[in-house]
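Numbering (the numbering used here), first residue to last: 93 to 452. The beta-carbon is built from N, C-alpha and C at its ideal position, and this holds for glycine as well. Step one of this worksheet: look at the structure below.
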Ligand code: 2NL
């Protein structure tokens, strides 16, 4: 009897000491399996006389039941512990930043970034965005913009012309985005508030000129639009674009065939050894041209200059991109060098908004 007691105690101790379900299963097999210790005792019953078999059989079966119950109880405990450990190991902290993807990540070209930035700024001021064809007529690119036929003003732009058609007319690659504003005036009734970003072409190539470049022009036409409005719009734009609280601006008289009066605009800056900062310092940098739309242009575009007036401006997207992001050579913008793009490019998910900031 005491043997059975010892055996049961030993097995119950082994059950209590089992650290996981595999260890517990080993204990079960050792006790209740085919060759288990309790099974071996049960096998001895057959050779006993009926009286002994009755008492010992009952005792062994009680031990077997006790072991079975202890196994089940311990299994429940271990199962619960295993689940707790699994849950603890597999928690996800949803507040952690996303892991950087391992794959190569593409970059937004700085020009695309600046294009997005400036359209966001002007859209927030209530401007529409208009686009038009790169191939234009002489009429929309020059004549309607008050460049008289044979006038030296036409030589201001080195134009890429297509071969003349049979009637003598020649298509051309637009030299500015103004034809898009012409199209807007011809197709929409004022009030007009529109910006026209796009590709433009001039036969010119050196460190600061590429034959293809980008412009954004703006146009506002209404009954009482004046230079005060223009100054406010350009000031708000410059503060938002260069991300400064204030920037002094200087308006100088100039000449364009399509505006009268015409002005050139400089912004305040400080030139350091390798960098240029805006909104501080004593230096000036020219960034755009503007003016009141010439009455001849309004008339050519179907608007009565006695009823409507307005202003327009134009600036180089490539130029303001270089200024903002500190790039030295304009030509690199178009060389498609992936190493350069990895340095100057932008992560595609850093989308500019006025609320979220324009650059990270
Ligand atoms: C510059 C100067 C300018 C305009 C563009 C414009 C368009 C129409 C009528 C009148 Cl339809 N003006 N555009 C006006 C003044 C200056 O661009 O230096 N751009 C880089």
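Whole-angstrom distance between residue j and residue i, CA atom to CA atom
{"i": "residue 412", "j": "residue 342", "result": "17 Å"}
{"i": "residue 406", "j": "residue 217", "result": "17 Å"}
{"i": "residue 388", "j": "residue 198", "result": "47 Å"}
{"i": "residue 377", "j": "residue 408", "result": "13 Å"}
{"i": "residue 366", "j": "residue 330", "result": "22 Å"}
{"i": "residue 76", "j": "residue 96", "result": "What the structure shows of the chain is the stretch from 93 to 452, and residue 76 is not part of that stretch, so it cannot be assessed."}
{"i": "residue 112", "j": "residue 163", "result": "12 Å"}
{"i": "residue 356", "j": "residue 375", "result": "16 Å"}
{"i": "residue 139", "j": "residue 160", "result": "25 Å"}
{"i": "residue 246", "j": "residue 354", "result": "17 Å"}
{"i": "residue 286", "j": "residue 258", "result": "35 Å"}
{"i": "residue 219", "j": "residue 414", "result": "24 Å"}
{"i": "residue 106", "j": "residue 187", "result": "44 Å"}
{"i": "residue 60", "j": "residue 212", "result": "Outside the shown range of the chain, which is 93 to 452, sits residue 60, and nothing can be said about it."}
{"i": "residue 336", "j": "residue 431", "result": "30 Å"}
{"i": "residue 204", "j": "residue 309", "result": "16 Å"}
{"i": "residue 207", "j": "residue 176", "result": "53 Å"}
Those residues which DSSP pairs with residue i across a bridge
{"i": "residue 314", "result": "401"}
{"i": "residue 346", "result": "354"}
{"i": "residue 380", "result": "357"}
{"i": "residue 220", "result": "286"}
{"i": "residue 337", "result": "Paired residues: none, contrary to the question."}
{"i": "residue 304", "result": "293"}
{"i": "residue 265", "result": "227"}
{"i": "residue 254", "result": "Paired residue(s): none; residue 254 is not in a bridge."}
{"i": "residue 407", "result": "308"}
{"i": "residue 246", "result": "Answer is none; residue 246 lacks a bridge partner."}
{"i": "residue 370", "result": "361"}
{"i": "residue 426", "result": "In DSSP, residue 426 forms no bridge with anything."}
Beta-carbon separation (whole angstroms), residue i vs residue j, contact threshold 8 Å
{"i": "residue 349", "j": "residue 214", "result": "With 8 Å as the limit, residue 349 and residue 214 do not qualify as a contact, their Cβ atoms being about 25 Å apart."}
{"i": "residue 339", "j": "residue 371", "result": "4 Å"}
{"i": "residue 289", "j": "residue 224", "result": "That pair is no contact at about 11 Å."}
Pairing CB atoms from the segment 227-245 with CB atoms from the segment 259-273, are three or more of them under 8 Å?
By the C-beta criterion, the segment 227-245 is judged to be in contact with the segment 259-273, since at least 3 inter-stretch pairs fall below 8 Å.
Could you say if the segment 417-427 and the segment 286-305 meet the contact criterion of at least three C-beta pairs nearer than 8 Å?
Segment contact: the segment 417-427 against the segment 286-305, three or more CB-CB distances shorter than 8 Å; contact assigned.
Three or more C-beta pairs below 8 Å linking the segment 278-290 and the segment 310-326:
Result yes; three or more Cβ-Cβ pairs closer than 8 Å.
Would you be able to state if there are at least three C-beta pairs under 8 Å between the segment 105-119 and the segment 163-172?
Yes, they touch.
Determine contact between the segment 198-209 and the segment 431-439, defined as no fewer than three beta-carbon pairs at a distance below 8 Å.
Because the criterion of three Cβ pairs below 8 Å is met, the segment 198-209 and the segment 431-439 touch.
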